[in-house]
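Trainee: One rule links them: number in my numbering = place in the sequence shown (from 1) + 7. Every residue gets a Cβ at the ideal spot worked out from N, C-alpha and C, and that includes glycine. Just so it is clear, the structure is predicted and the values come from calculations on it, not from any experiment.
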Amino acid sequence: MQHKPTALIVDLLSVDALMLDRKFNMLTFIFLSSNARFLALMMYFSTAGKYVIDEHIFKKKLLAVSGCEPLWFEDSLEIFLDPSSQIYKESVPLSLIYSMVDGIIVNIWDDMEPKTLKSLKDPNLLGQIARATIYPLPVDPSKTNHPVLDWLNKQQHESVIYISFGSGDSLSAKHLTELAWGLELSQQRFVWVSIYP
Numbered sequence: 008m009q010h011k012p013t014a015l016i017v018d019l020l021s022v023d024a025l026m027l028d029r030k031f032n033m034l035t036f037i038f039l040s041s042n043a044r045f046l047a048l049m050m051y052f053s054t055a056g057k058y059v060i061d062e063h064i065f066k067k068k069l070l071a072v073s074g075c076e077p078l079w080f081e082d083s084l085e086i087f088l089d090p091s092s093q094i095y096k097e098s099v100p101l102s103l104i105y106s107m108v109d110g111i112i113v114n115i116w117d118d119m120e121p122k123t124l125k126s127l128k129d130p131n132l133l134g135q136i137a138r139a140t141i142y143p144l145p146v147d148p149s150k151t152n153h154p155v156l157d158w159l160n161k162q163q164h165e166s167v168i169y170i171s172f173g174s175g176d177s178l179s180a181k182h183l184t185e186l187a188w189g190l191e192l193s194q195q196r197f198v199w200v201s202i203y204p
């Protein structure tokens, strides 16, 4: 190799590669393709006491995440609801990795989740867990002119549902049709992002 690598960026499923940083003396970053809320929950679950987690899982109480909106039991990801499951046992320890990297790149921008990002950056809140800089993706204000954004800016605050399931092959055509009918019948305004493979 003519030039030594200076940084290693991995996603959440490739954290084993972070061991290379010791061998090559590189900076290490985790790229999280989810949002700041997911990052906050992953960090919090790794540090919350057993009592707090049990209150949420078994008594279905709100989970008060430091500096963030509380998590309702009904909104919990299934991986966090069964401490005896293999996926729980593997996922929760992954969140300890956040304190060992030089930075965390999150698929979010400051204006989308300001309260959560503030908590993640605050050394007195979730920032004390990360110990690394949280990097939201930069937004170029000159490139934010789009018909969907213009329409969205005219809507009442918090009155639009955002829907995104990743690539177009993650749901069957039947499920997409059912979802579309349900949204139409709800008469709720929504922005649906669909990326076709």
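I'd like the span of the beta strand (DSSP E) that includes GLY2, first residue to last.
Mentor: The structure shown has nothing for residue 2, since the chain only spans 8 to 204.
Trainee: Indicate the three-state DSSP secondary structure (helix, strand or coil) for GLN194 in the structure shown.
Mentor: coil
Trainee: Could you give the distance in angstroms between the alpha-carbon of GLY175 and the alpha-carbon of VAL22?
Mentor: For GLY175, the pLDDT reaches just 49, beneath the cut-off of 50, and the residue's location in the model is therefore unreliable, although a value from the coordinates is still provided. C-alpha separation (whole angstroms): 27 angstroms.
Trainee: Taking ASP18 as part of the alpha helix (DSSP H), name the residues at either end of that continuous run.
Mentor: Run containing ASP18: none in the alpha helix (DSSP H); it sits in the beta strand (DSSP E), 14–18.
Trainee: Using a Cβ distance threshold of 8 angstroms, determine whether the stretch 57–66 contacts the stretch 113–129, with at least three qualifying pairs required.
Mentor: no
Trainee: Could you check whether the stretch 73–80 touches the stretch 92–111, counting it as contact only if at least three pairs of C-beta atoms, one from each stretch, sit closer than 8 angstroms?
Mentor: no
Trainee: Excluding the five sequence neighbours on either side, which residues of its own chain have a C-beta within less than 7 angstroms of the C-beta of GLY110, listed in chain order?
Mentor: PHE36, ALA139, THR140 and TYR142
Trainee: Return the Cβ separation of VAL200 and VAL167 in integer angstroms, given the expectation that the two are a contact with Cβ distance under 8 angstroms.
Mentor: At roughly 12 angstroms, the Cβ-Cβ gap does not stay under 8 angstroms, so VAL200 and VAL167 are not in contact.
Trainee: Would you mind giving the Cβ-Cβ distance between LEU46 and THR13, rounded to the nearest angstrom? I have them listed as a contact below 8 angstroms.
Mentor: That belief does not hold up - the Cβ atoms of LEU46 and THR13 are roughly 24 angstroms apart, past 8 angstroms.
Trainee: Can you tell me whether GLY175 is helix, strand or coil according to DSSP?
Mentor: Confidence is the limiting factor: at GLY175 the pLDDT is only 49, short of 50, which leaves the residue's position unreliable and the question unanswerable from this model.
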